[in-house]
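The sequence shown runs 288 to 522 under my numbering.
Where is the CB? At the ideal position from N, CA and C, for every residue including glycine.
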Amino acid sequence: MSKLATLSTIIFLGSSLGLSLPTPLRNSQSPCGAIHILVARGANTPQGEGVLIPLVTRIKSRLAANTTVTDEVIRYSATMLPYPSSSTEGTEAVKSQLTDAASRCPTSKIVLIGYSQGAHIIGDAFGGGGGGRFLGLKTSAMNASIIRGHVKAVVLLGDPRHNLADSFSRGTATTGGRFPRDAEQVAALSKFQDLMVGYCDREDYFCASGDNMMVHLGCIDKHRDDATDFVAGKV
Numbered sequence: 288m289s290k291l292a293t294l295s296t297i298i299f300l301g302s303s304l305g306l307s308l309p310t311p312l313r314n315s316q317s318p319c320g321a322i323h324i325l326v327a328r329g330a331n332t333p334q335g336e337g338v339l340i341p342l343v344t345r346i347k348s349r350l351a352a353n354t355t356v357t358d359e360v361i362r363y364s365a366t367m368l369p370y371p372s373s374s375t376e377g378t379e380a381v382k383s384q385l386t387d388a389a390s391r392c393p394t395s396k397i398v399l400i401g402y403s404q405g406a407h408i409i410g411d412a413f414g415g416g417g418g419g420r421f422l423g424l425k426t427s428a429m430n431a432s433i434i435r436g437h438v439k440a441v442v443l444l445g446d447p448r449h450n451l452a453d454s455f456s457r458g459t460a461t462t463g464g465r466f467p468r469d470a471e472q473v474a475a476l477s478k479f480q481d482l483m484v485g486y487c488d489r490e491d492y493f494c495a496s497g498d499n500m501m502v503h504l505g506c507i508d509k510h511r512d513d514a515t516d517f518v519a520g521k522v
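Next up, the structure:
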């Protein structure tokens, strides 16, 4: 199968999977609970939580017995093509909405969860984005004091910039993602490694530069229990 055919299949699968689920929107001006979750969907799914809905629901159910939990979606185009402009837009959206949530709800414990391109933009907001032959000009990371002062947990699933050397890397992958971060970005992101977990498995098309899209699509379901335990242990 040609690269173009493979990409077309990926876009079709992503769109079909996203449209098969409800996609509730969250008003960024709504009150925050004691725990507030920011959710970044993957590419080619409608605005909302997309395929992350089951994981977010599971985490909220786990935590809601002892506290109040609210969530909102990161609002960005989430397109596969053109990917560079979508990921740049999404990175800026993460920075903006996280800064807003920290100001609006200063006592809330903030959790970020991202899948595929959604994981990519969260990582870029923390460590700086862009760079390389494909992603365009580099962009700066957000204010570290906002992250340290408010964020308690970050879950990245199927990140196309996954780095095996990251201390928070989990899963069976033996190769890194399609859009690796440079040394400066890796170092910047590592400052928040105690807050993070990143899941990637062998042959995943995006996070392990493999050729199996089904591994990528199954990432959330495979790691949902561990991801839920991770968040519960951090907040």
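If you check the CB distance, Ala327 and Gly414 do not come in under 8 Å. Comparing alpha-carbon positions, the option among Lys478, Leu482, His449 and Ile409 lying closest to Thr386 turns out to be Ile409. Per the C-alpha coordinates, the member of Thr378, Tyr370 and Arg465 positioned closest to His503 is Arg465.
Thr515 sits buried, since 16 or more C-beta atoms from the chains shown fall within 10 Å of its C-beta. Per DSSP, reduced to three states, the secondary structure at Leu339 is helical. Nearest Cα to Pro371 within the set Thr426, Ser454, Phe421 and Val522: Phe421. Rounded to whole angstroms, the gap between the alpha carbons of Met501 and Ala519 is 28 Å.
Taking the Cα of Gln334 as reference, the smallest distance to any Cα among Arg349, Arg362 and Gly320 is reached at Arg362. Residue environment for Glu471: exposed (fewer than 16 other C-beta atoms within 10 angstroms of its C-beta). Nearest C-alpha to Ile324 among Asp469, Asp491 and Thr357: Thr357. Three or more Cβ pairs drawn from the segment 390-408 and the segment 435-450 lie within less than 8 Å of each other, which places the two stretches in contact.
Secondary structure in the segment 381-451: the alpha helix (DSSP H) runs of 4 residues or longer, each lying completely within the stretch, are 404-414 and 431-437 in chain order. Contact check for Leu443 against Ala495 fails: the beta carbons are separated by 8 Å or more. Look at Asp498 here: in three-state DSSP terms it is coil, with no helix or strand label. Beta-bridge pairing by DSSP links Leu325 to Glu359 and Leu399. When only Cα atoms are considered, Ala352 and Glu376 end up about 36 Å apart. Look at Tyr486 here: in three-state DSSP terms it is strand.
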